[in-house]
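Asker: Handing you this structure, nothing more for now.
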Amino acid sequence: MEGTTLALIAIIVIALVFDYTNGFHDAANAIATSVSTKALTPRTALALAAVMNIVGALISTKVAKTVGEGIIDTPTGGNGLEIVFAALIGAITWNMITWYFGLPSSSSHALIGGLIGAALAAVHTVQWMGVVEKVLIPMIIAPLVGFGLGFLFMLVVLWSFRDAHVARANRGFRYAQIISAGTMAFGHGLQDAQKTMGIITLALVTSGEIDSFDVPLWVVIAAALAISAGTYAGGWRIMRTMGRRIIQLTPAGGFSAQTVASGVMITTATVFAVPVSTTHVITTSIMGVGSTRRLSAVRWGVAGNIVAAWVLTLPAAGAVAAVAYFITHALVG
Numbered sequence: 140m141e142g143t144t145l146a147l148i149a150i151i152v153i154a155l156v157f158d159y160t161n162g163f164h165d166a167a168n169a170i171a172t173s174v175s176t177k178a179l180t181p182r183t184a185l186a187l188a189a190v191m192n193i194v195g196a197l198i199s200t201k202v203a204k205t206v207g208e209g210i211i212d213t214p215t216g217g218n219g220l221e222i223v224f225a226a227l228i229g230a231i232t233w234n235m236i237t238w239y240f241g242l243p244s245s246s247s248h249a250l251i252g253g254l255i256g257a258a259l260a261a262v263h264t265v266q267w268m269g270v271v272e273k274v275l276i277p278m279i280i281a282p283l284v285g286f287g288l289g290f291l292f293m294l295v296v297l298w299s300f301r302d303a304h305v306a307r308a309n310r311g312f313r314y315a316q317i318i319s320a321g322t323m324a325f326g327h328g329l330q331d332a333q334k335t336m337g338i339i340t341l342a343l344v345t346s347g348e349i350d351s352f353d354v355p356l357w358v359v360i361a362a363a364l365a366i367s368a369g370t371y372a373g374g375w376r377i378m379r380t381m382g383r384r385i386i387q388l389t390p391a392g393g394f395s396a397q398t399v400a401s402g403v404m405i406t407t408a409t410v411f412a413v414p415v416s417t418t419h420v421i422t423t424s425i426m427g428v429g430s431t432r433r434l435s436a437v438r439w440g441v442a443g444n445i446v447a448a449w450v451l452t453l454p455a456a457g458a459v460a461a462v463a464y465f466i467t468h469a470l471v472g
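If you're matching positions, the sequence shown starts at 140 in this note's numbering and goes up one per residue.
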């Protein structure tokens with residue numbers, strides 16, 4: 140029993156470390172466009188994002204239940220804790236690799252890939268229908284929706300302000316970006332903090348600490364604070380990619396991309412309870428906004444590298460998690 144308790148505590152700590160890395164890995168999602176257009180200074184933007192991450196994380200636990208119950212069957216005993224531990228190692232490792240290379244990959248899909256890889260290594264049941272319905276289909280549809288709505292929203296903005304004085308319009312959109320950056324960070328907390336809540340609650344159920352998959356309040360608060368702290372630390376490498384390397388955004392473009400992306404994230408979390416990638420949605424929204432100028436305005440080479448990282452995330456994190464499971468199982472066994 141003492142060994143199980145220590146293992147559970149270690150997993151909770153590692154899960155919160157993942158949550159922290161998720162925060163600084165994905166900080167760019169919320170603020171890169173606002174910083175690149177000079178609507179906000181980096182530190183002000185990070186502080187705003189950190190606060191709104193906490194608010195978003197406290198709103199709902201629907202996505203947490205999807206991650207904890209809808210990807211793999213709930214494991215039991217020490218073997219189950221090994222699966223959760225290995226999944227976290229896979230996700231954290233992939234997060235660090237993509238952060239190092241400045242690629243805005245999905246922390247969400249890294250965690251889900253880790254769960255699948257660890258479960259397969261343990262010969263544990265994966266809910267493949269749930270993976271298809273809750274992960275793969277949203278992974279394809281959400282970025283397409285982000286791109287399409289980003290394109291259309293920007294067209295509406297351009298048409299609506301076609302006769303406006305450029306300097307005054309830009310100043311107004313910079314103020315508007317403060318609001319859109321806040322809603323973007325709110326959506327990030329609503330989506331991404333819940334994935335860590337789901338993993339910790341899965342570990343609690345697996346170890347027998349709780350009987351049903353109801354996320355405890357302390358888990359909600361801990362996950363909210365961890366992702367907020369990570370966000371405030373900031374992921375500068377990825378911020379440069381998001382804010383400048385894909386396309387040079389205007390204040391109107393930054394506002395449009397953030398508004399569309401936050402709307403998609405909030406809707407998918409509260410209405411459909413599916414764990415979409417905030418990274419995928421904001422990146423494709425930026426691409427959609429940029430395409431309203433001309434297709435060549437988007438640096439498609441950079442976009443291609445980003446998409447390659449997206450495609451690799453699930454299998455790469457899963458492979459690392461599988462190796463981590465084999466090593467852990469051998470040491471514990």
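Built from N, CA and C at the ideal position, the CB exists for glycine as well.
Starting from the Cα of alanine 189, find the closest Cα among Ile211, Ser199, Val206, His164 and give me that residue.
Answerer: Reading the sequence shown from its first residue, position 50 is the one you call residue 189. Ranking the options by Cα distance to alanine 189, first place goes to His164.
Asker: For valine 265, list the residues DSSP reports as bridge partners.
Answerer: Position 126 of the sequence shown, counting from 1, holds the residue named residue 265. Paired residues: Ile211.
Asker: By the DSSP assignment, the alpha helix (DSSP H) with alanine 400 in it spans what residues?
Answerer: As a first step, residue 400 must be located in the sequence shown, where it is residue number 261. That run of the alpha helix (DSSP H) goes 390-406.
Asker: How far does the alpha helix (DSSP H) with threonine 345 in it reach, from first residue to last?
Answerer: Looking up residue 345 in the sequence shown gives position 206. Element bounds for threonine 345: 305-346.
Asker: Could you work out which residue in Thr322, Thr264, Ser351 is closest to leucine 187 when comparing CA atoms only?
Answerer: Looking up residue 187 in the sequence shown gives position 48. Nearest option by C-alpha distance: Thr322.
Asker: Classify alanine 178 as helix, strand or coil using the three-state DSSP reduction.
Answerer: On the sequence shown, residue 178 is found 39 positions in, with the first residue counted as 1. The answer is coil: DSSP assigns alanine 178 none of H, G, I, E or B.
Asker: Would you decide whether alanine 154 is buried or exposed? Buried here means 16 or more other CB atoms lie within 10 Å of its CB.
Answerer: If you number the sequence shown from 1, residue 154 lands on position 15. Flag for alanine 154 reads buried.
Asker: Using the beta-carbon count (16 or more within 10 Å), is lysine 334 buried or exposed?
Answerer: To locate residue 334, count along the sequence shown from 1; it is residue 195. With 16 or more other Cβ atoms within 10 Å, it is buried.
Asker: Less than 8 angstroms separating the beta-carbons of alanine 192 and isoleucine 317?
Answerer: Position 53 of the sequence shown holds residue 192. Position 178 of the sequence shown holds residue 317. The question names alanine, but residue 192 in the sequence shown is asparagine. It is not a contact, given that the beta carbons lie outside the stated cut-off.
Asker: Starting from the C-beta of tryptophan 105, find all residues in its chain whose C-beta is less than 7 angstroms away, skip the five residues before and the five after it, and write them out in chain order.
Answerer: With the chain represented from 140 up to 472, any question about residue 105 goes unanswered, as that position is not in the structure.
Asker: Distance check for isoleucine 170 and arginine 383, CA to CA, integer angstroms please.
Answerer: Here residue 383 is taken as the residue at index 244 of the sequence shown, counted from 1. Here residue 170 is taken as the residue at index 31 of the sequence shown, counted from 1. No answer about arginine 383 holds up, because its pLDDT of 49 lies below 50 and its placement is not dependable.
Asker: Considering only residues of the same chain and omitting the five flanking positions on each side of isoleucine 338, which have a CB-CB separation below 6 angstroms?
Answerer: Counted from its first residue, the sequence shown places residue 338 at position 199. Correct list, in chain order: Ala154.
Asker: Check each candidate in Lys177, Gly402, Thr180, Thr200 and name the one with the smallest Cα separation from valine 358.
Answerer: Within the sequence shown, numbered from 1, the residue matching residue 358 stands at position 219. When only C-alpha atoms are compared, the closest one is Thr200.
Asker: Indicate whether the contact test is met: 3 or more Cβ pairs, each with one atom in the stretch 279-297 and one in the stretch 387-396, closer than 8 angstroms.
Answerer: Cβ pair count under 8 angstroms is three or more, so yes.
Asker: How many whole angstroms separate the CB atoms of glycine 252 and threonine 452, which I take to be in contact at a CB cut-off of 8 angstroms?
Answerer: Residue 252 sits at position 113 when you count from the first residue of the sequence shown. Residue 452 sits at position 313 when you count from the first residue of the sequence shown. Between threonine 452 and glycine 252 the Cβ distance is about 6 angstroms, and since that is below 8 angstroms, they are a contact.
Asker: Nearest by alpha-carbon distance to serine 346: which of Thr183, Pro214, Arg307, Asp302 is it?
Answerer: Looking up residue 346 in the sequence shown gives position 207. The option with the nearest alpha carbon to serine 346 is Pro214.
Asker: Note down the Cα distance separating valine 446 from threonine 407, rounded to an integer number of angstroms.
Answerer: Taking the first residue of the sequence shown as 1, we reach residue 446 at position 307. Taking the first residue of the sequence shown as 1, we reach residue 407 at position 268. For valine 446 and threonine 407, the distance between alpha carbons rounds to 21 angstroms.
Asker: List the whole-angstrom C-beta distance separating alanine 260 from alanine 461, where the pair is believed to meet the contact cut-off of C-beta under 8 angstroms.
Answerer: Within the sequence shown, numbered from 1, the residue matching residue 260 stands at position 121. Within the sequence shown, numbered from 1, the residue matching residue 461 stands at position 322. About 4 angstroms separates the two Cβ atoms, so the contact holds.
Asker: Assuming the contact rule is C-beta atoms closer than 8 angstroms, glycine 326 and methionine 404 should be a hit. Round their C-beta distance to whole Å, please.
Answerer: On the sequence shown, position 187 is the one that residue 326 refers to. On the sequence shown, position 265 is the one that residue 404 refers to. Confirmed, about 3 angstroms.
Asker: If you draw a straight line from the C-alpha of alanine 458 to the C-alpha of arginine 307, how long is it?
Answerer: Position 319 of the sequence shown, counted from the start, is the residue given in the question as residue 458. Position 168 of the sequence shown, counted from the start, is the residue given in the question as residue 307. So the alpha carbons of these two residues sit roughly 52 angstroms apart.
Asker: Excluding five sequence neighbours on each side, which residues of the same chain lie with their C-beta closer than 6 angstroms to the C-beta of lysine 273?
Answerer: For this step, residue 273 is matched to residue 134 along the sequence shown. Here the set comprises Thr205, Gly209, Val413.
Asker: Apart from the five residues on each side of it in sequence, which residues of its chain come closer than 6 angstroms, Cβ to Cβ, to threonine 423?
Answerer: Here residue 423 refers to the residue found at position 284 when the sequence shown is read from its first residue. For threonine 423, where only same-chain residues beyond five positions count, the Cβ hits under 6 angstroms are Pro282, Gly285, Phe286.
Asker: Put arginine 383 into one of helix, strand or coil per three-state DSSP.
Answerer: For the purposes of this step, residue 383 is taken as the residue at position 244 of the sequence shown. For arginine 383, the predicted model reports a pLDDT of 49, less than 50, meaning its position is unreliable; a value from the coordinates is still stated below. The answer is helix: DSSP assigns arginine 383 an H, G or I state.
Asker: Quick check: threonine 340 and alanine 203, are their CB atoms within less than 8 angstroms of each other?
Answerer: Here residue 340 refers to the residue found at position 201 when the sequence shown is read from its first residue. Here residue 203 refers to the residue found at position 64 when the sequence shown is read from its first residue. It is a contact, given that the beta carbons lie within the stated cut-off.
Asker: Have a look at tryptophan 267 and glycine 427 and give me their C-alpha separation to the nearest angstrom.
Answerer: On the sequence shown, position 128 is the one that residue 267 refers to. On the sequence shown, position 288 is the one that residue 427 refers to. Roughly 31 angstroms between the two C-alpha positions.
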